[in-house]
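Numbering (my numbering), first residue to last: 3 to 429.
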């Protein structure tokens with residue numbers, strides 16, 4: 003972890019960006035002040051909501067407490083609610099004002115991780131989406147701005163691809179842009195506009211034949227050996243892949259005992275690379291590692307790509323606007339930390355429409371980054387809460403500019419089309 007990372011040893015109570023003071027370098031500072039005030043007025047109830055979700059961690063597709071709690075919150079704040087949107091724990095909150103106008107999409111994540119709870123800070127992500135939506139609602143009413151806000155509660159980011167399912171079912175249709183954010187270790191007061199890795203999820207089942215491990219081992223085809231050989235084959239392959247690529251996984255077995263040669267084993271592997279084109283090429287090199295293990299042990303292999311996640315394509319115009327707001331308030335913008343070497347199902351959303359998914363820094367322990375017990379603890383701190391509200395104000399400011407500035411929105415669309423061409427060329 004870099005020395006510039008904001009640690010929990012630093013005082014929590016002194017961190018705050020003041021956007022209201024930045025009146026010369028940002029679009030419509032008067033409206034930005036109103037966004038900041040709305041979120042400041044909601045500070046206590048947003049904090050209570052975040053801690054409530056943090057205290058009730060739920061795995062992907064099981065976020066029933068979060069679903070009910072967050073939809074009740076949004077209903078209380080005047081949004082039209084659709085519960086169980088295509089999925090049992092997905093939901094939608096909508097507010098429209100005036101005639102016409104553009105539609106701002108927002109995402110709130112909800113799921114936690116097995117055994118370590120909200121160790122990726124989805125309680126903060128969920129709260130941020132709600133804060134952005136409520137701030138925009140207040141601005142639409144106060145300044146009589148025509149437009150629509152659509153907040154989606156998106157389940158199962160951690161391995162379940164909830165956003166991909168919702169995207170395929172049309173939940174993002176009609177949105178002009180989509181916004182969300184993600185916590186990570188980083189320098190205090192900073193915003194990350196890094197991308198993240200494309201991902202293929204692979205499951206492998208080996209089927210062999212049991213035998214007495216001492217009396218007649220020659221009768222067996224050892225499915226555990228096939229799994230171990232796969233693991234070692236991939237370990238050897240790693241020496242010849244790019245440092246920006248990732249291949250990692252686990253081995254599972256059922257009812258294994260030392261005296262019986264296992265006839266079944268299972269592996270789950272993640273294959274990652276900076277772009278979707280690169281991950282497809284890397285996958286073609288990884289799959290033979292499993293096939294070779296099956297051939298060597300005489301086992302049968304069933305290899306499936308269970309899900310594919312695109313890399314994250316930050317819309318350049320939206321990112322510049324968010325960064326401008328953060329810098330005007332005294333913060334900084336970075337392209338190296340954030341979730342650069344992780345993956346998110348929001349990547350698929352960024353392929354479908356102009357979108358923004360910045361990282362924001364929260365204080366963590368040394369070696370206490372995302373997916374650790376320490377990060378789960380960090381996600382409940384006052385400093386993390388304040389940092390989350392700051393990025394939420396910036397995202398709401400981006401949404402306002404999309405609603406009001408036609409030339410800016412044209413640039414948003416142009417940069418999306420330019421990036422689409424780069425994607426087609428494999429970049």
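Here a beta-carbon is modelled for each residue, glycine too, at the ideal position from N, C-alpha and C.
None of these values were measured; they are calculated from a predicted model.
Determine which residues share a DSSP beta bridge with residue i and list them.
i: residue 185; result: 362
i: residue 334; result: 192
i: residue 153; result: 95, 108
i: residue 207; result: 268, 304
i: residue 214; result: 262
i: residue 251; result: 271
i: residue 83; result: 95
Using the Cα positions of residue i and residue j, report the straight-line distance between them to the nearest angstrom.
i: residue 385; j: residue 9; result: 11 Å
i: residue 77; j: residue 261; result: 59 Å
i: residue 5; j: residue 394; result: Residue placement at residue 5 is poorly supported in this model, since its pLDDT is 48, which falls under 50; the coordinates are not used for a value here.
i: residue 366; j: residue 12; result: 10 Å
i: residue 82; j: residue 253; result: 45 Å
i: residue 375; j: residue 112; result: 17 Å
i: residue 139; j: residue 335; result: 27 Å
i: residue 19; j: residue 43; result: 16 Å
i: residue 80; j: residue 97; result: 8 Å
i: residue 443; j: residue 293; result: Because residue 443 is not part of the residues shown, which for the chain are 3 to 429, the question remains open.
i: residue 119; j: residue 60; result: 8 Å
i: residue 176; j: residue 103; result: 11 Å
i: residue 237; j: residue 295; result: 13 Å
i: residue 123; j: residue 379; result: 9 Å
i: residue 428; j: residue 281; result: 11 Å
i: residue 3; j: residue 338; result: The predicted position of residue 3 is uncertain, since its pLDDT is 39 and thus under 50; no value can be drawn from it.
i: residue 222; j: residue 58; result: 46 Å
i: residue 273; j: residue 145; result: 48 Å
i: residue 270; j: residue 389; result: 35 Å
i: residue 343; j: residue 421; result: 20 Å
i: residue 351; j: residue 166; result: 7 Å
i: residue 208; j: residue 39; result: 58 Å
i: residue 86; j: residue 171; result: 13 Å
Are residue i and residue j closer than 8 Å when you measure CB to CB?
i: residue 323; j: residue 403; result: yes
i: residue 157; j: residue 149; result: no
i: residue 185; j: residue 126; result: yes
i: residue 45; j: residue 71; result: no
i: residue 211; j: residue 265; result: yes
i: residue 354; j: residue 89; result: no
i: residue 154; j: residue 373; result: no
i: residue 275; j: residue 195; result: no
i: residue 2; j: residue 189; result: Because the chain is modelled from 3 through 429, residue 2 falls outside the range shown and cannot be assessed.
i: residue 51; j: residue 137; result: no
i: residue 301; j: residue 398; result: no
i: residue 319; j: residue 240; result: no
i: residue 313; j: residue 278; result: yes
i: residue 133; j: residue 391; result: yes
i: residue 62; j: residue 128; result: no
i: residue 91; j: residue 66; result: yes
i: residue 267; j: residue 231; result: no
i: residue 29; j: residue 407; result: yes
i: residue 362; j: residue 370; result: no
Are there 16 or more other CB atoms within 10 angstroms of the CB of residue i, so buried, or fewer, so exposed?
i: residue 297; result: exposed
i: residue 56; result: buried
i: residue 333; result: buried
i: residue 251; result: buried
i: residue 131; result: buried
i: residue 299; result: buried
i: residue 423; result: exposed
i: residue 93; result: buried
i: residue 100; result: exposed
i: residue 27; result: exposed
Give a yes or no on whether 8 Å exceeds the smallest Cβ distance from residue i to chain B.
i: residue 87; result: Although the question refers to chain B, the structure presented lacks it and comprises just one protein chain.
So, do the region 140 to 154 and the region 192 to 211 have three or more beta carbon pairs nearer to each other than 8 Å?
no
Specify whether the region 173 to 183 and the region 353 to 360 touch according to this definition: at least 3 beta carbon pairs, one from each stretch, less than 8 Å apart.
yes
Three-pair Cβ contact test at 8 Å for the region 101 to 112 versus the region 28 to 44
no
Counting Cβ pairs, one atom from each stretch, are 3 or more of them under 8 Å apart for the region 308 to 324 and the region 231 to 250?
no
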